[in-house]
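*Asks:*
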Amino acid sequence: MLIGGNSWFYVRVNTELLFCFTFLFFCSSFSTDGSGQVLKQTEPSITKAESRTIRINCYVDSSVFGTAIIHWYRQRPGAAPERILYFSSDLYLDQDSDKRKISAEKDFDLSRCVLTINSLTSSDTATYYCATWTGTA
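Numbered per the numbering used here, the sequence shown finishes at 203, counting up by one with no gaps.
1) Hey, quick one: how far does the alpha helix (DSSP H) through Ser128 stretch, first residue to last?
2) Beta-carbon separation of Ile120 and Thr182 under 9 Å?
3) Thinking C-alpha only, which one of Ala134, Ser129, Trp138 is nearest Ala192?
4) Please tell me whether Ser117 and Leu186 are closer than 9 Å, where the distance is taken between their beta carbons.
5) To the nearest angstrom, how far is the alpha carbon of Ser189 from that of Asp175?
6) If we count the other Cβ atoms within 10 Å of its Cβ and call it buried at 16 or more, is Ser155 buried or exposed?
7) So, is Arg178 buried or exposed, given that buried needs 16 or more other C-beta atoms within 10 angstroms?
8) Please determine, among Lys172, Leu151, Asp173, the residue with the shortest C-alpha to C-alpha distance to Tyr61.
9) So Lys165 and Phe153 are in contact, right, with Cβ under 8 Å, and what is the actual spacing, rounded?
10) By the three-class DSSP mapping on this structure, what secondary structure does Ser188 have?
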């Protein structure tokens, strides 16, 4: 069985140097047995000032959360998407990710993975993607 999905979140800087985090939800999932959606987000937007911290929630179906490998991607304007980290039983940052700035944690009580970005700057302007899959094809 293959269960998968992704969700994306757009982040931009407005003229007042505030970070407007608009979580535009997109979820696609598929499986050989017709299972439903496995990822969701509930917050339509968050606005934060420069130098603040943002937390982006990615909720995963509780039936697969324990074994799900959750990936976070960032796509800066005009650039290709890049994976910044993934979380299985432990957190793994990709080579170019700054562990003082970016982190993630799995919250087993709420079946969610939380991406945290500290000390926001204009270089954090991007679309952030959450993706996961479990099982085999």
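Ideal Cβ positions, reconstructed from N, Cα and C, are used throughout, including at glycine.
These numbers were taken from a predicted model, which means no experiment stands behind them.
*Replies:* So, to answer that:
1) Start at 1 with the first residue of the sequence shown, and residue 128 comes out as number 62. Ser128 -> alpha helix (DSSP H) spans 128 to 131.
2) As a first step, residue 120 is located in the sequence shown; it is residue number 54 there, counting from the start. As a first step, residue 182 is located in the sequence shown; it is residue number 116 there, counting from the start. Yes. Within cutoff.
3) Start at 1 with the first residue of the sequence shown, and residue 192 comes out as number 126. Comparing Cα-Cα distances from Ala192 to each of Ala134, Ser129, Trp138, the minimum goes to Trp138.
4) Reading the sequence shown from its first residue, position 51 is the one you call residue 117. Reading the sequence shown from its first residue, position 120 is the one you call residue 186. Yes, they are a contact pair.
5) Translated into the one-based positions of the sequence shown, residue 189 becomes position 123. Translated into the one-based positions of the sequence shown, residue 175 becomes position 109. About 32 Å.
6) For the purposes of this step, residue 155 is identified with residue 89 of the sequence shown, where counting begins at 1. Label assigned to Ser155: exposed.
7) By one-based count along the sequence shown, residue 178 stands at place 112. With 16 or more Cβ atoms within 10 Å of its Cβ, Arg178 is classed as buried.
8) The shown model of the chain, from 67 to 203, leaves out residue 61, and the question about it has no answer.
9) Taking the first residue of the sequence shown as position 1, residue 165 is located at position 99. Taking the first residue of the sequence shown as position 1, residue 153 is located at position 87. Not quite, the Cβ-Cβ distance comes to about 13 Å (not below 8 Å), so this is no contact.
10) Translated into positions along the sequence shown, residue 188 becomes position 122. Three-state DSSP puts Ser188 in a helix.
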